[in-house]
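Below is one structure, written out as structure tokens; the observations come after it.
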Amino acid sequence: MTRIRSVFSIAGALVALAFILSCVPADVDAQASNQSEQYFSPNRLREDFTAGAAQTVFISRNPPRGGYVEVYRNGSLMRKGKDYTVGNSPTFRVTFTGMPVRDGDDVTLFYYPNN
């Protein structure tokens, strides 16, 4: 019984991993420093940035609906108010306030557009 459960657990994990890998764009590494690239999905936008030297502010092309944004740095979800703040004047921007962003760090924003 335990052997059957472990086989199903491993198979489920492999299916989940295959799904996750199929969602990663092939050209993620082709981004230039300080430039963003947008990936569209039916419901939300994704913007990817590569941090330049001493860069702490990242400006989005579109304001998010209700100011809600998910911010990831090198794949780790950041906490609003602790790791970063958001501003909306004159453009929507994310400013890192916690641990400093290093040159080459990947910053990803997920949000629903305000339009």
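The sequence shown maps to residues 165 to 279 in the working numbering. Glycine included, every Cβ here is placed at the ideal spot set by N, Cα and C.
On the three-state DSSP scale, how would you describe residue i?
i    : result
V229 : Residue identity check: residue 229 is Arg in the sequence provided, not Val. Reduced to three states, the DSSP call for R229 is helix.
P277 : strand
V265 : coil
Below 8 Å between beta carbons: does that hold for residue i and residue j?
i    : j    : result
D270 : T261 : no
D267 : G216 : yes
R237 : V265 : yes
N277 : L209 : Note on identity: in this sequence residue 277 is Pro, with Asn being the wrong assignment. The answer is yes: Cβ separation under 8 Å.
Provide the residue(s) that pair with residue i in DSSP beta bridges, ordered along the chain.
i    : result
K244 : Y248
T220 : For T220, which the question treats as bridged, DSSP gives no partner whatsoever.
T259 : V221 and T249
Which word fits residue i, buried or exposed, when buried means at least 16 other C-beta atoms lie within 10 angstroms of its C-beta?
i    : result
L273 : buried
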